Amino acid sequence: MGTYNIEDGELEMLALGQLSARRERELFLLIEQNETLLKEYEAIQDALEKLAFENAVESPTGLGVAAKEQLFNNEDKSLKPIPFYKTSIFRLAASILFIGSILANIYFLGDTENNVTASSEADIKEPTRQEAFMAALPMDLVEFEEMFDYLQASLEQNPCDMKFTITRKFLSERGLDEDAIVSFLFQEGGHCDCEVLMNVSMQFPQDPYKHGTVPNKTHREAEIKLALHLKEDSQFPTGTDLAILAFRN
Amino acid sequence: MEEKQLLKLLKTKDEEGFQILYRNYSDVIYGMIIRMLKDPDESADMLQEVFVRIWTKMDSYDSKKGRLFTWMANLTRNFVIDRIRSADYKNHNLNYFVRDDNVGSVNRKFNTEQNINTIGLKGQVNELKENQRVLIQKIYFEGYTQVDLAEELDIPLGTLKTRVRAALKELRKNFKEE
């Protein structure tokens with residue numbers, strides 16, 4: 693442990709706040725351990741305090757109140773609080789109205805509101821997505837229907853080659869923008885000819901099932917044949933295809 | 202009220218403690234501030250700020266390291282010096298400079314005369330020799346640092362300390378004889 697020395701006049705400088713924080717700490721350590729130094733330091737402080745009091749100057753009035761208000765954020769004493777009993781009738785009325793409004797909400801809205809909300813969300817979301825799809829169609833609806841028929845007929849003859857060969861052929865024959873339409877089909881889940889037929893076609897609005905609209909035997913056989921083609925090719929999610937067929941049947 | 206009791210109130214942030222503190226020390230602190238700033242309006246604003254600062258810093262006061270007044274006086278001096286050195290203060294109040302870091306740029310002789318003539322010191326300090334009185338005035342009331350004062354008086358720092366010690370010894374003797 694190091695030892696500290698005290699220089700002439702340092703105690704005075706300490707009381708005058710003239711020393712560095714480090715030197716102050718060193719001197720305080722010395723003072724704490726030495727009663728003579730402590731007494732000397734006390735005497736210096738005493739003299740400086742007397743000197744300051746002798747040279748006091750009367751401070752402007754009102755500053756103390758301002759400082760106090762700044763610190764304690766005093767409220768205006770002239771504003772007396774209103775007694776509780778004088779406001780109790782209003783408090784009671786407000787409470788009754790509040791509770792009444794809650795009960796009315798529960799009674800009148802309750803589950804109905806939830807149902808309305810839930811169904812509204814479904815109603816809103818579904819048409820919105822389909823509307824966006826329909827709005828973005830790159831060719832006429834009739835041309836889509838003809839393209840799907842063309843794809844179906846072609847895929848019954850030859851299996852899908854995992855490209856857009858048949859689709860492009862159809863578009864080319866019609867003089868349509870192949871790249872733009874294929875890009876649209878790709879975005880909508882049609883990554884090859886058979887996927888265009890199975891995935892994209894499903895995104896068009898479907899007529900609700902009515903009695904007697906079950907596909908005839910020939911149509912069903914054609915679709916099963918197509919599904920078997922896809923299964924044999926084994927590069928497609930046959931589960932999806934079969935599910936589509938099952939749904940159609 | 203004794204200092205210990207007052208400290209108890211101050212440490213618990215008691216409003217009454219603040220009132221007593223202000224009542225007991227506002228004139229003394231104001232006497233120090235106005236001798237440094239020389240302007241009553243500035244000094245009044247500063248007094249309020251200083252007391253708010255004293256109150257908010259009260260937790261950092263340690264009675265083992267000196268008296269409450271010593272702590273308050275040093276805090277006041279440092280606070281006022283910081284204000285004098287601040288750019289804002291320099292810009293709008295250059296004429297009231299007591300001192301500056303750039304020692305040579307200030308007409309010190311003028312300042313010294315102004316200080317003495319404007320707000321003279323009272324009491325036992327006037328019984329000191331002229332050179333001792335000026336030392337006490339500058340270092341205790343006008344916010345000089347020991348380094349600046351030694352430079353201005355063109356004496357070594359050690360000599361300054363010895364002279365301040367001698368001045369304070371004399372002052373203590375005068376107070377004892379009162």
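Those protein sequence lines, which keep their order, are chains A and B. All letters in the first sequence, in the order written, are residues 693 to 941 by the working numbering. All letters in the second sequence, in the order written, are residues 202 to 379 by the working numbering. Idealized CB from N, CA, C, for every residue including glycine. Since we're looking at a predicted model, the values are computed, not measured.
Original post:
DSSP state of GLU352(B), grouped into three classes?
Top reply: helix
Original post:
With a cut-off of 8 Å, does the C-beta of ASN308(B) fall near any C-beta of chain A?
Top reply: The predicted model places ASN308(B) with a pLDDT of 40, which falls under 50 and marks its position as unreliable, so this point remains unresolved.
Original post:
Are the beta-carbon atoms belonging to VAL348(B) and LEU358(B) less than 8 Å from one another?
Top reply: yes
Original post:
Where do the N-terminal and C-terminal ends of the alpha helix (DSSP H) with ASP283(B) fall, by residue?
Top reply: 269 to 286
Original post:
What residue from LEU361(B), LEU372(B), LEU211(B) has the CA that sits closest to ALA699(A)'s CA?
Top reply: A small fix is needed here, since residue 699(A) is Glu in this sequence, not Ala. Considering only alpha carbons, the answer is LEU361(B).
Original post:
Since THR213(B) meets chain A, which of its residues come closer than 9 Å, beta carbon to beta carbon?
Top reply: Ordered by position in chain A, no residue passes the 9 Å Cβ test against THR213(B), which lies about 13 Å from the chain.
Original post:
Taking three-plus beta-carbon pairs below 8 Å as touching, is the segment 226 to 246 of chain B in contact with the segment 746 to 766 of chain A?
Top reply: yes
Original post:
To which residues of the same chain is ILE736(A) closer than 7 Å at the C-beta, ignoring the five residues directly before and after it?
Top reply: LEU703, GLU704, ALA707
Original post:
Does any C-beta atom of chain A lie closer than 8 Å to the C-beta of MET237(B)?
Top reply: no
Original post:
Using a Cβ-Cβ cut-off of 7 Å (strictly less than) and excluding sequence neighbours within five positions of ASN765(A), which residues of its own chain qualify?
Top reply: none
**OP:** Taking all protein chains shown into account, decide if ARG783(A) is buried (16 or more other Cβ within 10 angstroms of its Cβ) or exposed.
**Re:** exposed
Subject >> Continuous alpha helix (DSSP H) stretch holding ASP700(A): start and end >> reply: No alpha helix (DSSP H) holds ASP700(A); DSSP gives it neither H nor E.
Subject >> Assigned secondary structure, ASN375(B) (DSSP; H/G/I helix, E/B strand, else coil) >> reply: helix
**OP:** Could you name the residues of chain A that ASN332(B) contacts, counting a contact when the two beta carbons are closer than 7 Å?
**Re:** Simply none; closest approach about 15 Å.
Original post:
From TYR223(B), ALA351(B), ASN327(B), PHE376(B), pick the residue whose C-alpha is nearest to that of VAL253(B); which is it?
Top reply: TYR223(B)
Original post:
What are the boundary residues of the alpha helix (DSSP H) that PRO241(B) is part of?
Top reply: 241 to 257
Original post:
At least one CB of chain B closer than 8 Å to the CB of PHE720(A): is that the case?
Top reply: yes
Subject >> Bounding residues of the alpha helix (DSSP H) (the contiguous stretch that carries ILE337(B)) >> reply: 331 to 337
Subject >> GLU216(B): contacting residues in chain A (beta-carbon distance under 9 Å) >> reply: LYS760, LEU763, PHE764, ASN766
**OP:** Return the CA-CA distance between LEU322(B) and SER261(B), expressed in angstroms with no decimal places.
**Re:** 31 Å
Subject >> PHE219(B) and LYS760(A) closer than 8 Å at C-beta >> reply: yes
Original post:
In chain order, what residues of the same chain lie with their CB nearer than 7 Å to the CB of GLU217(B), ignoring the 5 residues before and after it?
Top reply: LEU210
Original post:
For GLN220(B), which residues in chain A fall below 9 Å Cβ to Cβ?
Top reply: GLY756, LYS760
Original post:
What does a CB cutoff of less than 7 Å around PHE862(A) pick up in its chain, not counting 5 residues either side in sequence?
Top reply: MET839, TYR842
Original post:
For MET273(B), does the count of other Cβ atoms within 10 angstroms reach 16, so buried, or fall short, so exposed?
Top reply: buried
Original post:
Taking all protein chains shown into account, do 16 or more other C-beta atoms lie within 10 angstroms of the C-beta of ALA785(A), making it buried, or fewer, making it exposed?
Top reply: exposed
**OP:** Compare the C-beta of GLN710(A) against all C-beta atoms of chain B and say whether one is closer than 8 Å.
**Re:** yes
Original post:
Does TYR341(B) get closer than 8 Å to chain A when you measure Cβ to Cβ?
Top reply: yes
**OP:** Helix, strand or coil for MET944(A), going by three-state DSSP, please let me know.
**Re:** With chain A represented from 693 up to 941, any question about residue 944(A) goes unanswered, as that position is not in the structure.
Original post:
In chain A, what lies closer than 8 Å to GLY232(B) by C-beta?
Top reply: ALA744, ASN747, ALA748, VAL749
Original post:
Between ARG381(B) and MET247(B), is the Cβ-Cβ spacing less than 8 Å?
Top reply: Residue 381(B) lies beyond the stretch modelled for chain B, which goes from 202 to 379, so this question has no answer here.
Subject >> Environment of PHE856(A) [buried if 16+ CB atoms lie within 10 Å] >> reply: buried
**OP:** Could you confirm whether any beta carbon from chain B is found closer than 8 Å to the beta carbon of ALA713(A)?
**Re:** no
**OP:** Can you tell me which of the three DSSP states ILE320(B) falls into?
**Re:** coil
Original post:
Beta carbon of LEU276(B), beta carbon of LYS265(B): below 8 Å?
Top reply: no
Original post:
Beta-carbon separation of VAL281(B) and ILE337(B) under 8 Å?
Top reply: no
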